[in-house]
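Novice: I'd like to ask you about the structure that follows.
2 protein chains.
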Amino acid sequence: MTAPTPEALSAVTARDGLEKLVRARYRNGALPAALQGNETLALLAAHRSVRAYKPDPLPEGTLETLVLAAQSAATSSNLQTWSVVAVADPARKAVLAEVAGGQKHILQAPLMLVWLADLSRLKSVATARGQSAEGLDYLEMATVAIVDAALAAQNAVIAAESLGLGTVYIGAMRNDPARVAATLNLPSMAFAVFGLCVGYPVEEVVTGVKPRLAPSVVLHRETYGQSAEPADIARYDEAMQDFQGEQGMRRQPWSDQAVARVADGKALSGRDVLMQALNERGFRLR
Amino acid sequence: MTAPTPEALSAVTARDGLEKLVRARYRNGALPAALQGNETLALLAAHRSVRAYKPDPLPEGTLETLVLAAQSAATSSNLQTWSVVAVADPARKAVLAEVAGGQKHILQAPLMLVWLADLSRLKSVATARGQSAEGLDYLEMATVAIVDAALAAQNAVIAAESLGLGTVYIGAMRNDPARVAATLNLPSMAFAVFGLCVGYPVEEVVTGVKPRLAPSVVLHRETYGQSAEPADIARYDEAMQDFQGEQGMRRQPWSDQAVARVADGKALSGRDVLMQALNERGFRLR
């Protein structure tokens, strides 16, 4: 068997089976043959973010299905400290796209889900009984709510992909939490952790399976041991440049991009004031 | 068709199909028939946390499969700011169980995955080049890392369930971040967001599909509008007590439990000092 060409690598889908997907993800490596035939694993492994959407509307019941999947995820102590705002109105999506620095896919996708870390519900339940909810004022509860929102959203992503839809997370909702809150009429103690575009991918735009760091870099056994070896990072820099070449993107080593992205507060696209923005949204973060 | 008894409700599995799963999750409601036959959706909807494990070891390659699934999740700007420590050593699991207030399932499960928000890798890549990574000192980058870890972990959960395994998240790793860090030899700028037990469920222990708040409570359309109606909360309090009865647990309204859980800093199981603990782990959280 000849090795797949790089082009074939980035274009693999769940139907190509796990072996090829593993090769695309790691540019290397293999998994036990016993896993072939597991549709859910193949779906997970075939994930890519989609940034080109058809205008086609979503079938009736899609939103409810995504929310069912989201609510089926674990939630810390069953507190359910997340909510989601489903935005389909073009004018409202346009405001969110502007917050996100003009990301066109927010305008294209028929649905933008904005996932909230939402402590307002517990606050209102406590207030209705005349009870204190001072525990909500700690960093711990903001962490719980952020994790809850992320677990819920990821289940919605998997559900969407199982329905043939594509998605992309929009972290840039954090560029301007106050404007997002005003646009979505959010109560105090709720903030938009990220958005998620949902829609049918434009077939002509082939988005590849993006390589990741070697599993040995992120997986530690028993104890952490040492951080990434320079050789691992160098190999990944090469793999990412191969991928960028396949995708017609500018080639740049991952480590160059990553280090630039965290060089200083100014590199954070306005998110260097997130602490203050959350304080203003009612999160004390003690 | 007669309505399923409450017992049948909580014991539904992915094989029972989505209609029954929706009923178990919401005690109410229906989804389009078109979704029947989607194995991935049924798997998502059938999720329950498992707290009783058989000692059976995991098949060869399981850990690698879970990590592949985790690495296939989206990660903010491809920064991959998470890592995972796989703990199988009984003595080490015993320490983690102690941190978690003696949760026995940590001892039972053959594998405990500890998911890290990990900014140490980017720090070391920058340092190796003599470059600054001051952007890591902001709340924004800690948020990115927490979200990255959660998305990765949730993919691992879905992968595990697709392999017939059960899981339960262990938020109590945050009870004592310093002790967890010492036990796992974590570098500065890495902290354990949560653990995840992985293993084969004890079949005799039937864990039910836990009801959640009505979808109308967590899903908002276009704008947030108002918070939960007292009637919605009252209905959910009833549903949870029905579930507790089916599971042989003490009946207590959800709203009573939830409000008690966030009453004040003391209710947070030691996590009221999370801000200080993260500062000590090298997260400045500006």
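Listed in order, the protein sequences are those of chains A and B. The opening position of the first sequence corresponds to residue 1 in my numbering, with each subsequent residue numbered one higher. The opening position of the second sequence corresponds to residue 287 in my numbering, with each subsequent residue numbered one higher. All C-beta atoms, glycine included, are put in the ideal place defined by N, C-alpha and C. Since the structure is predicted, the reported quantities are computational estimates derived from the model, not experimental observations.
#1: Tell me the rounded alpha-carbon separation between Pro187(A) and Met173(A).
#2: May I ask you to report which of helix, strand or coil DSSP gives Ala159(A)?
#3: Given this structure, state the Cα-to-Cα distance separating Ser335(B) from Gly245(A), to the nearest angstrom.
#4: Under a Cβ-count criterion, where at least 16 other Cβ atoms within 10 Å of its own Cβ denotes burial, should Ala100(A) be classed as buried or exposed?
#5: Decide if Pro516(B) is buried, meaning its Cβ has at least 16 other Cβ atoms within 10 Å, or exposed.
#6: At a Cβ threshold of 9 Å, is Val247(A) touching chain B?
#7: At what residues does the alpha helix (DSSP H) containing Ser406(B) begin and finish?
#8: Let's see if you can read the secondary structure: which residues bound the beta strand (DSSP E) around Thr167(A)?
#9: If you measure beta-carbon to beta-carbon, which residues of the segment 47 to 74 of chain A are closer than 7 Å to chain B?
#10: Taking Cβ positions only, does Asp302(B) come closer than 9 Å to chain A?
#11: Closer than 8 Å by beta-carbon distance: list the chain A residues that pair up with Ala419(B), in chain order.
#12: Based on DSSP bridge pairs, tell me the residues matched to Val484(B).
#13: Going by Cα to Cα distance, which pick from Val273(A), Arg286(A), Leu278(A) and Asp256(A) is closest to Arg415(B)?
#14: Do we get a CB-CB distance below 9 Å when we pair Lys496(B) with the residues of chain A?
#15: Within a Cβ cutoff of 6 Å, which residues of the same chain sit near Ser120(A), ignoring the five residues on either side of it in sequence?
#16: Inspect the CB distances between the segment 132 to 143 of chain A and the segment 87 to 94 of chain A and report whether three or more fall short of 8 Å.
#17: Does Asn78(A) have its Cβ less than 9 Å from a Cβ in chain B?
#18: I need the DSSP call for Arg557(B), collapsed to helix, strand or coil.
#19: Going along the chain, which residues of the segment 213 to 238 of chain A sit with their C-beta nearer than 9 Å to a C-beta in chain B?
#20: Quick one: Cα of Thr223(A) to Cα of Val466(B), how far?
#21: Return the chain-ordered list of same chain residues with a C-beta closer than 7 Å to the C-beta of Ala11(A), the five sequence neighbours on each side being excluded.
#22: Chain A beta carbons: is any one of them nearer than 9 Å to that of Thr429(B)?
#23: At 8 Å on the CB atoms, spell out the chain B contacts of Leu107(A), in chain order.
#24: Spell out whether any CB of chain B is found under 9 Å from the CB atom of Ser124(A).
#25: Mark Asp342(B) as exposed unless 16 or more other C-beta atoms lie within 10 angstroms of its C-beta, in which case mark it buried.
#26: In chain B, what lies closer than 7 Å to Leu9(A) by C-beta?
#27: Kindly give me the distance between the Cβ atoms of Ala328(B) and Ala300(B), rounded to whole angstroms, as I take these residues to be in contact under 8 Å.
#28: Would DSSP call Ala289(B) helix, strand or coil?
#29: In terms of alpha-carbon separation, which member of Val479(B), Gly551(B) and Gly511(B) lies closest to Arg284(A)?
#30: If Ala359(B) sits next to Asn471(B), beta carbons under 8 Å apart, how far is it from one beta carbon to the other, in whole angstroms?
#31: Helix or strand or just coil, what does DSSP make of His506(B)?
Specialist: This is what the structure holds:
#1: 16 Å
#2: helix
#3: 43 Å
#4: buried
#5: exposed
#6: First, the amino acid is wrong: residue 247(A) is Gln here, not Val. Cβ-Cβ to chain B under 9 Å: no for Gln247(A).
#7: Ser406 to Ala414
#8: Gly166 to Ile170
#9: His47, Ser49, Glu60, Gly61, Glu64, Thr65, Val67, Leu68, Ala69, Gln71, Ser72, Ala73 and Ala74
#10: no
#11: Val259, Val262 and Ala263
#12: Leu397(B) and Thr453(B)
#13: Asp256(A)
#14: yes
#15: Pro187, Met189 and Ala190
#16: no
#17: yes
#18: helix
#19: Leu213, Pro215, Val217, Val218, Leu219, His220, Arg221, Glu222, Thr223, Tyr224, Gly225, Gln226, Ser227, Ala228, Pro230 and Ile233
#20: 10 Å
#21: Val206 and Gly208
#22: yes
#23: Ordered by position in chain B, no residue passes the 8 Å Cβ test against Leu107(A), which lies about 16 Å from the chain.
#24: yes
#25: exposed
#26: The contacting residues do not exist; Leu9(A) stays about 15 Å from chain B at best.
#27: 4 Å
#28: Only weak support exists for where Ala289(B) lies, its pLDDT of 48 falling under 50; the value from the coordinates is given anyway. Ala289(B) falls in the coil class under three-state DSSP.
#29: Gly551(B)
#30: No, Ala359(B) and Asn471(B) are not in contact; Cβ-Cβ is about 25 Å, not under 8 Å.
#31: strand
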